[in-house]
Every structure is written in C-alpha cells, then in structure tokens.
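For reference, each letter of the sequence shown is one residue, going 1 to 538 in the UniProt record's numbering. Glycine included, C-beta positions come from ideal geometry on N, C-alpha and C. These figures come from a predicted structure and were not determined experimentally. The structure under discussion appears below in the form of structure tokens.
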Amino acid sequence: MGWVLSSMGELQSYDVSLYDGSSLGTWIQCRGRDGGIEQAGCETLKLPDCRTGGLEQFQKKRGVFNFNSYFMLTSREALDRNVSISDCENKCIRNCSCFAYATYAPDNVGCLFWPNGVTLMENGNDENVVYVLDKRHPAMKWWMWFLIAVAVALVLFVVVSLSYLRWKRIKPFGDGKASQENPLLQLRTTSSSEDSEQHPDFQLFSFGSLSSATNDFSNENKLGEGGFGPVYKGKLLDGQDVAVKRLSKNSGQGLKEFKNEIVVIAKLQHTNLVRLLGCCVEGEERMLIYEYMPNKSLDSLIFDPVGRELLDWKRRLSIIEGIAQGLVYLHKYSRLRIIHRDLKPSNILLDAEMNPKISDFGTARNFGQSDSSTTSRIIGTYGYMSPEYAMEGIFSVKSDVFSFGVLLLEIVSGRKNTSFNQFDSHLNLIGYAWELWQRNAAVELMDPLFPATSCPPSASSFLRCIHIGLLCVQEKAVDRPTMPEIVSMFANETIVLPSPKQPAFSTGESLMEMPHTSSADPEIVSRNNVTISTLSAR
C-alpha cells in the first residue's frame, strides 16, 4: 500500500500492484520524466528504447479518432479515481504501442489509451480533449536550448572578432573615397596568380595596426634612421616581430615609385635578401614592412669597437660570401635583372645567425638585357658609387661590383672608406689599400682584432680577400669581374687572380672630377637607399 494526493486534493491509499510495481508518487513532486528528484515516493522514470531519450512530448488537441478502438490497461484503472492525468501520460510514454491518451471521466480521472496507427479528426470546438504523441517535434529541455544558443552566440562572436581584426590589419586605407584614389589597391589584382601563390603573406597594413605594433612609433621602438626615413621595431597581433620603415615626406619618392618598388620586390625570393612582408599607404603615410633582423645592420657592428668583436674572421668571410650570393641572384637569377646601386654596410642586415640580408630597395622598375644605361638622376651614396656612375650617370652590374669591393675592404679592415680626412696621406680606404698592395704590405690592412681571436685569418686568405676587393674597385668597369666570377674566386682558391689595375678614387684627381651637388637640385642625390631602374640602350 502507498499514499497519493488525488486530483481532488484528498490523500488516498493505493495498491502498488495497480501500477505494475511503479511507485509514481504525487504528480506535483515527481512531475517530469528525468526523475530529477529521487525522494520517498519518487523514482527515475525508465523509458523503453522506442522513445527518443525522453524528448517526445504530448500535444493537447480536440477531436475524435477515425475509429473508437481504444484500450484500457485494466478496467480498474479506467474507473479508479486515484489515477490522475499525469499517471496516464507516464503509462502511455512507457508503452511503445501507445499513441494517445485521455481521461476516462469528466473530472480528469481514469485513463483511456489509443494505439499507433489511428488518425485524429481534429475539431477545435469538440469537447473531447486528447493528448497525442508528437514525434515530429521532440521537446528539447530548456537547458539544451540554452546551451545551443550560447554555443551559436560564441561562434558568431569569434567569427566576427577574427574578421574585424583581420580587416583592421589588412584593410586598405581609410574611407571609400581614399580607396578609389589609391592605386595600391590594385596590387593583388594586378599581380599574377603565380605571384599570389609564391607570396601569400604579402599584406596591405593599416596605419592603425602599425601604430599599435610600434607603440605609436615611440623612440623606444626606433631602430635607426636613414635616407628613406626612420625604422621601427614592431610586433604584430600574431606575435611576429617586424621592421617598419616609415617614408619621410622629404624623401623625394612618389606614390608611383613606391608602388613600383613593392610590385617588383615582392617577386624576389632569396636567402640573402630581406623579405618584404607588406606595405601601408594611408593619407600621407607610406611604410614598408620587412622581416625583423635582430642583429640590425652590418655597420652597427663592423664599425663599433665592441660590436666588431662579435665578427671573427670566419663570420666575416661568411658575410662577404652571403652578400656575393645575393648579388648573383639579383644580377643573374632573379625574375628581373636588378642593379642595387646603393650597396653599403647599413643596407646589409644580419639575422639571428649573422646571415647577411641585402635590404633597402627603392624605386624599382623592370628592365631589359642591356649591358648598361645612363641616367641624370644619380641615386646612391658617395664612397660606394662607381666612378662612371657618380660622374657620368652610367650604371650596370659592374656598378654593384664596385660597391661590393668597397664593402669587402671595409669588412676585412674594420674601417670606413670615408674615415680618412684631408690631413691623412690617403684620400680613402681604397687609396690606402692600393698603396699597401703596391708595397706588398697589404697585410697591414688587417683588422687589429684578428690576431687576438682564437681563429685569426691566414696571411694568404686575408691577402686573397684584399686582392679580390681591389679587382672590384678598378677604375674601368670592363676590368672588374662579374659577381658570378667573384663567387668562383672565393670558392676555388686555385683560381689564379689577375693583377689589379689602378682603382678609382685613389687619387685626388678623380675626386675633383666628380660633379658637385647643388642644393637646388634635390634629384641629383636621392634619399632613397636603393633603386632598380629601367635600362635603355646606349
């Protein structure tokens, strides 16, 4: 025997056997099929496999079935006033053959059940109320709907946030009007599909993203400043360190040249060239974003008394050979034939392993296979420019060879080419090296730090470097070797080197022939560090 609260509010006894041994308890206490309350008089309702995890629900409807073939579990159940409407629902849900139920008496006591296969003839005005099992729309519990809503909202938030961050990072520039005026927006469309596949990381950065990456271009993030403008260290949202070169307004470089540089340099790919990651043009701002080189530029080490100690002979030789390999690629193996025209220590960057990377490419243009060209716009740095280029505007791959020779002499000696003044007996490092070579005393040019190192250079190895350097700075371009020949000279010590001829700028005579730059003509000497120009036949 047990006790149950009837629909009339009376506490009545009941026979457990009447309900097949199921202790249903009160409807108020044990309502629901998950049995969340297991107290005295309540138990978890166990459903058969035919029910879909308790998610089905009964819909209250009015009408009659197409035939009145109902069945009752027991005759006593239909007549027993102790059986409430919730008991009928529990009985039906546990019976796989049950499709609908209703109360037997008008006062909502007793149970009637209909089997599967019957059809309800619905009538909203009918007095007969039945509860039909709806399998098409299972009732999901409120917490399941809540979890689904939270999951969807979270996914949408993540997608929107990532889209916004990406837009802020690579959005073109400013408003729609600016986008119509900005030719850099055509970079991705004008580049071939092949370029896109080879350089998928090239991006257009917004000014805001770069300002945030460099702490508003703070002095603490400033790495240095050259003719192009200041260079800042930045950290992108993904944690990548970059070098941001901010073009000075007085650099003399226009938007056309800036775009041309990006399109051309993006096609260069070599281990000894600094990789261009992207650019920014927004209003008056123009910036280039390169991979970050933790050891900065070569001049910050080679001409520094403390930094020079980090560069032993083996490392300096590796740097020289790396620069040579980069120039061979530019002159011969790149998709475009490129002349750097401003090779110098500040344009050689060093990565974490001290590998050299040629940097600072200015106004870049595609050109043909001519051996040389002339220009009225001399772009470069005096002391590293070849005589034919500095005085006549004639440039070729041999112009880069001359610059490489000066750079080589500076690296092995630790002295700047322009460190000599008017009171010295020599005009520059080239003249000093030539004078020592003629006296068979070129070994005196050796950096005084080398003998104190654990692995100093041999005299023959050092003299061979001086020999190659003097071959590169010979006055006539035709006498200078090509970069592939120079690489062979370093790789094969059995190659007999020709005797060097008179180098350029080793006497005051050739220096006096150089044109004097007028301040009224700013285009004679560009502030850009490197230029790739179109060659025209002479």
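Residue 435 - containing alpha helix (DSSP H), residue span: In the sequence shown, residue 435 corresponds to position 435, counting from 1. Unbroken alpha helix (DSSP H) run through residue 435: 429-438.
Proximity below 8 Å, CB of residue 341 to CB of residue 411: In the sequence shown, residue 341 corresponds to position 341, counting from 1. In the sequence shown, residue 411 corresponds to position 411, counting from 1. Contact flag unset, no.
Segment contact, 8 Å Cβ cut-off, at least three pairs: the segment 107-118 with the segment 84-97: yes
Selection from 281, 273, 236 that minimises the alpha carbon distance to residue 247: For the purposes of this step, residue 247 is identified with residue 247 of the sequence shown, where counting begins at 1. Comparing Cα positions, the closest option is 281.
Residue 546 to residue 414 span [Cα, whole Å]: With the chain running from 1 to 538 in the structure shown, residue 546 is simply not present.
Among 453, 338, 383, 322, the one whose alpha carbon lies nearest that of residue 355: Walking along the sequence shown from the start, residue 355 turns up at place 355. Checking every option, the nearest Cα to that of residue 355 belongs to 322.
Distance between residue 296 and residue 358 (C-alpha atoms, nearest Å): By one-based count along the sequence shown, residue 358 stands at place 358. By one-based count along the sequence shown, residue 296 stands at place 296. Their backbone Cα atoms lie some 12 Å apart in a straight line.
Rounded separation between residue 285 and residue 236 - CA only: Here residue 285 is taken as the residue at index 285 of the sequence shown, counted from 1. Here residue 236 is taken as the residue at index 236 of the sequence shown, counted from 1. Their Cα atoms are separated by approximately 18 Å.
Beta-carbon contacts of residue 50 that lie in its chain and below 6 Å, excluding the five residues immediately before and after: Along the sequence shown, one-based indexing puts residue 50 at 50. Cβ within range, chain order: 96.
Euclidean distance between Cα positions of residue 431 and residue 229: Position 431 of the sequence shown holds residue 431. Position 229 of the sequence shown holds residue 229. Spanning the two alpha carbons is a distance of roughly 32 Å.
Own chain partners of residue 319 with C-beta closer than 6 Å, once the 5 adjacent residues on each side are dropped: Here residue 319 refers to the residue found at position 319 of the sequence shown. Counting only Cβ-Cβ distances below 6 Å, and skipping sequence neighbours, we find 356.
Residue 51 - DSSP class collapsed to helix/strand/coil: Along the sequence shown, one-based indexing puts residue 51 at 51. Looking at residue 51 - three-state DSSP - the assignment turns out to be coil, as it is neither helix nor strand.
Residues of its chain near residue 586, where Cβ-Cβ distance is below 7 Å and the 5 sequence neighbours each way are ignored: Because residue 586 is not part of the residues shown, which for the chain are 1 to 538, the question remains open.
Contact set for residue 88: own chain, Cβ-Cβ below 6 Å, skip 5 residues either direction: For the purposes of this step, residue 88 is taken as the residue at position 88 of the sequence shown. Excluding positions up to five away in sequence, the list reads 101, 111.
Residue 389 - DSSP class collapsed to helix/strand/coil: Locating residue 389 in the sequence shown gives position 389, where the first residue counts as 1. In the structure shown, residue 389 sits in a helix (DSSP, three-state: H, G or I).
Cβ-Cβ distance between residue 258 and residue 339 below 8 Å: Counting from one through the sequence shown, the residue named residue 258 turns up at place 258. Counting from one through the sequence shown, the residue named residue 339 turns up at place 339. Cβ atoms of residue 258 and residue 339: not closer than 8 Å.
For residue 280: DSSP bridge partner residues: Stepping through the sequence shown from its first residue, residue 280 is reached at position 280. Bridge partners of residue 280: 287.
Whole-Å CB distance - residue 469 paired with residue 405, under 8 Å assumed: Along the sequence shown, one-based indexing puts residue 469 at 469. Along the sequence shown, one-based indexing puts residue 405 at 405. With a Cβ gap of about 5 Å, residue 469 and residue 405 count as contacting.
Proximal residues to residue 459 (C-beta, below 8 Å), its chain only, five neighbours per side dropped: The residue given as residue 459 occupies position 459 in the sequence shown. Here the set comprises 443.
Burial state of residue 455, where buried means 16 or more other Cβ atoms lie within 10 Å: One-based indexing of the sequence shown puts residue 455 at position 455. Counting Cβ neighbours within 10 Å, residue 455 comes out exposed, since fewer than 16 surround it.
Alpha-carbon spacing of residue 133 relative to residue 60, whole angstroms: Within the sequence shown, numbered from 1, the residue matching residue 133 stands at position 133. Within the sequence shown, numbered from 1, the residue matching residue 60 stands at position 60. Using only the alpha carbons, I get a separation of about 9 Å.
CA nearest to the CA of residue 446, picked from 478, 428, 330, 313: Translated into positions along the sequence shown, residue 446 becomes position 446. Of the listed residues, the one whose Cα sits closest to residue 446 is 313.
Cβ shell of residue 307 (< 7 Å), same chain only, five flanking positions each side left out: Looking up residue 307 in the sequence shown gives position 307. If we look at residue 307 and ignore the five residues flanking it on each side, its Cβ neighbours are 300, 301.
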